[in-house]
Amino acid sequence: MTTKNPSKDSNDRYVIDGSAVNAIRKYYANSNTKAKQEKTSPIDDKVLDIMRRQLDEKDRQIEKLTQLLDQQQQLNLSTNRQNEKLLDTSTNNTPSQDDSPSQNDDTDVLKPTESNF
């Protein structure tokens, strides 16, 4: 492998071609990877293993919560449909308010009383 001294421009700066830049990047990328691998200790491996197990557990928890949320949404949808059916049937079978007088009792929540304040 022959090495050629890089040329300089008019401002006395080195001019480096693209292949030289790529070679430099590749060299430093490989040296950084080797340095990181050498710095790995058994403690780092242990911590990494613990974190992986925790992440797996969190994934299972998220999956379970997603399943429960889906079940709750299905239940809500079913309940809403049943309520709508009940309201439709009760509306069709009961006389209108004009036909019967309205009933007021002490449990009417629409009408405030002094004890409700």
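In my numbering, the protein residues as written are 81 to 197.
Glycine included, each C-beta is placed from N, C-alpha and C at the ideal position.
I'd like to confirm the pairing. Which residues does DSSP put opposite residue i in its beta bridges?
| i | result |
| --- | --- |
| K88 | Y94 |
For residue i, which residues in the same chain have their Cβ closer than 7 Å to its Cβ, ignoring the five residues on either side in sequence?
| i | result |
| --- | --- |
| N160 | none |
So residue i and residue j are in contact, right, with Cβ under 8 Å, and what is the actual spacing, rounded?
| i | j | result |
| --- | --- | --- |
| K106 | V95 | That pair is no contact at about 20 Å. |
With a threshold of 16 other CB atoms inside 10 Å of the CB of residue i, please say whether the residue is buried or exposed.
| i | result |
| --- | --- |
| D188 | For D188, the pLDDT reaches just 49, beneath the cut-off of 50, and the residue's location in the model is therefore unreliable, leaving the point undetermined. |
Ignore the nearest five residues each way along the sequence and tell me which others in residue i's own chain have a CB closer than 6 Å to its CB.
| i | result |
| --- | --- |
| P69 | Because the chain here runs from 81 to 197, residue 69 falls outside it and cannot be looked at. |
| T146 | none |
| R140 | none |
Which same chain residues end up closer than 8 Å to residue i when comparing Cβ atoms and leaving out the 5 residues on each side of it in sequence?
| i | result |
| --- | --- |
| R133 | none |
| Q162 | none |
Can you list the alpha helix (DSSP H) stretches of 4 or more residues lying completely in the stretch 102-177, in chain order? Whole alpha helix (DSSP H) segments, 4+ residues: 122-173.
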